Amino acid sequence: MKDKYKRLVMNRIIITVLLLLIQIVWIVFMLEKLTEYVSWITTVFSILSILIVLYIIGKDDNSAYKIAWIILIMALPLFGGLFYLFSGDKKPSRKLRGKLYAQHDQYRKYLKKEDGVGELSPDVKEQSGRAAGTFRYVEKVSDFPAYTDTEVKYYPSGEEMFVDMLEDLKSAQHFIFLEYFIVSEGKMWESILKVLKEKAAAGVDVRMIYDDMGCVTRLPAGYDGWIEKFGIKCMAFNPVVPFFSLVMNNRDHRKILVIDGHTGYTGGINLADEYINEIVRFGYWKDTGVRLKGEGVWSFTEMFLEMWNAFRKEDEDIDRFRPHVWHPEAFGGKGLVQPYTDSPLDNETIAENVYLDILHQAKKYVYIFTPYLIVDDVMRNALCLAAKRGVDVRIVTPGIPDKPTIFRLTRSNYPPLLRAGIRIYEYTPGFIHAKSYISDDEFGVVGSVNMDFRSLYLHFECATLLYRTEGLMELKEDSVKTIGQSREITLDDCKKGIIGGLVDSVLRVFAPLC
C-alpha cells in the first residue's frame, strides 16, 4: 500500500515537472519563430516594461517588493514586464478573490460581540493602553475580537501537542474542522486519519482543507476525492495546475484544528512526521503551538467556515458551531486571547503590524522564534530601534537549514541587527520551525506567520495574540531554554569576502520575490 502511495505521489511530481518543461520548450520555440521580428518585438516589449515600471512606482505597495520588480524589469526589459504581468500581483486570481470576497462580509458579521463576549477587560482598559490599542487595532481591521473565558495551553514541541490533539479528536461528538498547509503520509497523519474515519462513520461532521501546493510532493493528485469516500468532506485549496500557471503565489499556510467549537489548535505544526520528530530531516525539529478551550475558538471556527463556504457554500447560518452550543458550562481562563487571520486580499498587513506593535511598545524584552529572517526596512528598523531603546531583543533561527539559499538570505540580515545590539542565536540541535513572539511577560504571539515576505504579504496566515494568559510563562521558559541550547552569533561569524558580500546583496534585493 505504501509503495503504491509513493508511486502515485511520484507520478504527480513527474507530470507536474513534465508540464512545466513543455511550457518552457513552447516558449523557446515561439521565441525562435519570432527572431525575424526582433527589432519590432524589442521596441514593443521595452515600451511595455517602461509602462509597467511606472505602474509599479504608483502602487500602494511594499517598497522592497517594488524595487525588486523594477530592477528585474529594467535588467530584462524584453521579458521582465511580461513576467510581472503573470506573477507580480500579490493578490490572488480574480476568480479566487471573487469567491473569497463573497463570503467575507457574510461571515465576519458572526464575529460581532454578543452578551459582552470579546469585550476588553477593565484591567486592560484602565491599566494598559498598550494592550487595549493592540487589540483594538486587530479588531478594527479584521473584525476578530479579543476574548476572555479562554484557557490556553502552550506546547514547546510538536510531539507534545500531537498527544493532546489525538485525545481531543477522539472525544469529538459533533464536528471536526482541519485546515493545514502540509499533510503527509506517516505515523502522524495515519493516526489522525484513522480517528477521522471513525468519527465520520459515527455521524460527526468532519471537514478538511489542505493546500495543494504544500502537498504537491506529499499527496497524490485527487487525494481530496479519495478521502471523501470515507465520509470526510475534503477540499484542496488553490489546486496546482502547472500547465496554465507557473507561479502559485497565494497559499493557505494556516494551521487550524477545531473540535466541537470549543477546542482549537494552531501554531507552526503541520500534519507530517518531521513535526513530531518521528523522522529526522534537519536534526531535531523544534516547533510550537497552542490549544485554546473556550470562547476564543469561535474565531478559528469562523476562519475555517469562511474559507470552506467560499468554495462549498454549505452553511447559510453558522451559529450552530459556536463554542457554547456543545459546551453549556462556563469556560475558565485568564487574560485575553485574540485569534486573527491575515490574507493577501487587501493591503492591510495585520500579522506584520502586530509584530511591529509588540516591538514598538516593548519595555524590557522581546524573544522571537522564526525559521526565516527575511525582512524589509520597516521591520529591520523596528527591531533595531527596540534594541537601541534598551530592550533585550533576541532572535532564534535554525542551526540546520531546510533551504540553503533562504538560510543564506537569513544570515545576510544578521549584521545590521547585531550592530544595533540585537542578540541572534542559531538553534544547534537542528531546525526551528516555530513562529512565536513573547514580550515583557505580558504579550505573546503563536501562529503560522514566518518573518519573511511570503508569510507577511502573500499567504493566508493565522495566529493568536495572547495577553497575560496561561501558557505565556511557559512560552518564556521555552524561549530561555531554547536560547541556552543555541549558538550565539557574532559579527565575526558574519564576515565574508567581496564576492560573498556581493552575492548577499543581490539575494537581499530579490528577497521579496523568493
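Just so you know, UniProt numbering puts 14 at position 14 of the sequence shown, and the rest follows in order with no gaps.
Using N, Cα and C, we set each Cβ at its ideal position, and we do this for glycine too.
These numbers come from a predicted model, not from an experiment.
What are the start and end residues of each continuous alpha helix (DSSP H) run of 4 or more residues lying completely inside the region 43-79, in chain order? 63-75
According to DSSP, residue 188 sits in a beta bridge with which residue or residues? As a first step, residue 188 is located in the sequence shown; it is residue number 188 there, counting from the start. Bridge partners of residue 188: none, in fact.
Which of helix, strand or coil does DSSP assign to residue 351? What you label residue 351 is simply residue 351 of the sequence shown in a count that begins at 1. Helix, per DSSP.
Using 8 Å for Cβ pairs, my map puts residue 261 next to residue 323. What's the rounded Cβ distance? Numbered from 1 along the sequence shown, position 261 holds the residue referred to as residue 261. Numbered from 1 along the sequence shown, position 323 holds the residue referred to as residue 323. Correct: roughly 5 Å between the Cβ atoms.
From which residue to which residue does the beta strand (DSSP E) around residue 236 run? Locating residue 236 in the sequence shown gives position 236, where the first residue counts as 1. Segment 233-237, the beta strand (DSSP E) holding residue 236.
Status (buried if at least 16 other CB within 10 Å, exposed otherwise) for residue 47: Walking along the sequence shown from the start, residue 47 turns up at place 47. Residue 47 is exposed by the Cβ-count criterion.
Residue from 421, 358, 278, 379 whose Cα sits closest to the Cα of residue 137: As a working mapping, residue 137 is identified with position 137 in the sequence shown. Residue 358 is the option with its Cα nearest to residue 137.
Mind reading off the beta-carbon distance from residue 367 to residue 394? Whole number of angstroms is fine, and I expect it under 8 Å. As a first step, residue 367 is located in the sequence shown; it is residue number 367 there, counting from the start. As a first step, residue 394 is located in the sequence shown; it is residue number 394 there, counting from the start. Residue 367 to residue 394, Cβ: 5 Å. Contact.
Just verifying my parser: in three-state terms, what is the DSSP assignment at residue 116? Here residue 116 refers to the residue found at position 116 when the sequence shown is read from its first residue. Here residue 116 scores only 49 on pLDDT, less than 50, and its place in the model is too uncertain to base an answer on.
Can we say the region 429-438 touches the region 361-376, given the rule of at least three CB pairs closer than 8 Å? yes
Using CA coordinates, which residue listed in 320, 478, 304 is at the minimum distance from residue 253? Sequence index remark: in the sequence shown, residue 253 carries index 253 (1-based). It is 304 whose Cα lies nearest to the Cα of residue 253.
Counting Cβ pairs closer than 8 Å, one from the region 464-471 and one from the region 334-348, do we hit at least three? yes
Is residue 74 buried or exposed, if buried means 16 or more other CB atoms sit within 10 Å of its CB? For the purposes of this step, residue 74 is taken as the residue at position 74 of the sequence shown. With fewer than 16 other Cβ atoms within 10 Å, it is exposed.
Distance, residue 68 Cα to residue 510 Cα: The residue labelled residue 510 in the question sits at position 510 within the sequence shown. The residue labelled residue 68 in the question sits at position 68 within the sequence shown. Computed Cα separation, rounded: 5 Å.
Hey, out of 377, 407, 200, 277, whose CA is closest to residue 187's CA? One-based indexing of the sequence shown puts residue 187 at position 187. If we check each option's Cα against that of residue 187, 277 comes out closest.
Quick test of the definition: if touching needs 3 or more C-beta pairs under 8 Å, does the region 405-420 touch the region 487-494? Three or more Cβ pairs closer than 8 Å define a contact, and the region 405-420 meets that threshold against the region 487-494.
Could you give the distance in angstroms between the alpha-carbon of residue 308 and the alpha-carbon of residue 95? Within the sequence shown, the letter at position 308 stands for residue 308. Within the sequence shown, the letter at position 95 stands for residue 95. The straight-line gap from Cα to Cα measures roughly 15 Å.
Kindly give me the distance between the Cβ atoms of residue 387 and residue 351, rounded to whole angstroms, as I take these residues to be in contact under 8 Å. Position 387 of the sequence shown holds residue 387. Position 351 of the sequence shown holds residue 351. About 21 Å; that fails the 8 Å criterion.
Quick one: grab the DSSP three-state call for residue 326. Locating residue 326 in the sequence shown gives position 326, counting from the first residue. Residue state for residue 326 is assigned as coil, using DSSP reduced to three classes.
Would a C-beta distance cut-off of 8 Å place residue 195 and residue 292 closer than the cut-off? Taking the first residue of the sequence shown as 1, we reach residue 195 at position 195. Taking the first residue of the sequence shown as 1, we reach residue 292 at position 292. For residue 195 and residue 292, no; Cβs fall outside 8 Å.
Is residue 227 closer than 8 Å to residue 204 when the C-beta atoms are compared? Reading the sequence shown from its first residue, position 204 is the one you call residue 204. Reading the sequence shown from its first residue, position 227 is the one you call residue 227. No, they are not a contact pair.
Residue 374 versus residue 455 - alpha carbon distance: Taking the sequence shown and counting its residues from 1, one reaches residue 374 at position 374. Taking the sequence shown and counting its residues from 1, one reaches residue 455 at position 455. Per the coordinates, the alpha-carbon of residue 374 lies some 10 Å from the alpha-carbon of residue 455.
Counting beta carbon pairs with one atom in the region 204-215 and one in the region 225-239, are three or more of them shorter than 8 Å? A contact between stretches requires three or more CB pairs, one per stretch, nearer than 8 Å, and the region 225-239 meets this requirement with the region 204-215.
Proximity to residue 77 [Cα-Cα], best of 250, 49, 380: Within the sequence shown, residue 77 is the residue found at index 77, counting from 1. With distances taken between Cα atoms, residue 77 lies closest to 49.
Since residue 439 and residue 288 are thought to touch, with beta carbons under 8 Å apart, how far apart are those beta carbons, to the nearest angstrom? For the purposes of this step, residue 439 is taken as the residue at position 439 of the sequence shown. For the purposes of this step, residue 288 is taken as the residue at position 288 of the sequence shown. Not a contact, Cβ separation roughly 16 Å.
Would you identify the three-state DSSP class for residue 244, choosing helix, strand or coil? Residue mapping note: residue 244 aligns to position 244 of the sequence shown, counting from 1. The predicted model places residue 244 with a pLDDT of 48, which falls under 50 and marks its position as unreliable; any figure quoted below should be read in that light. Reduced to three states, the DSSP call for residue 244 is coil.
Inter-residue spacing [alpha-carbon to alpha-carbon] between residue 101 and residue 142: Numbered from its first residue, the sequence shown carries residue 101 at position 101. Numbered from its first residue, the sequence shown carries residue 142 at position 142. So the two alpha carbons sit approximately 13 Å from each other.
Based on the DSSP secondary-structure assignment, which residues constitute the bridge partners of residue 211? By one-based count along the sequence shown, residue 211 stands at place 211. For residue 211, which the question treats as bridged, DSSP gives the partners 237.
If you compare alpha carbons, which of 477, 326, 144 is closest to residue 173? Taking the sequence shown and counting its residues from 1, the one referred to as residue 173 is at position 173. Considering only alpha carbons, the answer is 326.
Could you check the C-alpha separation between residue 363 and residue 183 for me, to the nearest Å? The sequence position of residue 363 within the sequence shown is 363, counting from 1. The sequence position of residue 183 within the sequence shown is 183, counting from 1. Their Cα atoms are separated by approximately 40 Å.
Please report the distance separating the alpha-carbon of residue 333 from that of residue 58. What you label residue 333 is simply residue 333 of the sequence shown in a count that begins at 1. What you label residue 58 is simply residue 58 of the sequence shown in a count that begins at 1. When rounded, the distance between both Cα atoms is 48 Å.
In its own chain, which residues sit with a C-beta less than 6 Å from the C-beta of residue 223, not counting the 5 before and 5 after it? Indexing the sequence shown from 1 puts residue 223 at position 223. Answer for residue 223: no residue qualifies.
Roughly how many angstroms separate the alpha carbons of residue 360 and residue 269, rounded to a whole number? If you number the sequence shown from 1, residue 360 lands on position 360. If you number the sequence shown from 1, residue 269 lands on position 269. Rounded to whole angstroms, residue 360 to residue 269 spans 28 Å at the Cα level.
If you drop the 5 nearest sequence neighbours on each side, which residues of the same chain put their C-beta closer than 7 Å to that of residue 428? For the purposes of this step, residue 428 is identified with residue 428 of the sequence shown, where counting begins at 1. These residues qualify, in order along the chain: 399, 485, 486, 487.
Given a threshold of 16 other Cβ atoms within 10 Å of its Cβ, counted over all protein chains shown, does residue 347 qualify as buried or as exposed? Your numbering for residue 347 matches position 347 in the sequence shown. Answer is exposed; the Cβ neighbour count stays below 16.
Quick one: grab the DSSP three-state call for residue 486. Position 486 of the sequence shown, counting from 1, holds the residue named residue 486. Reduced to three states, the DSSP call for residue 486 is strand.
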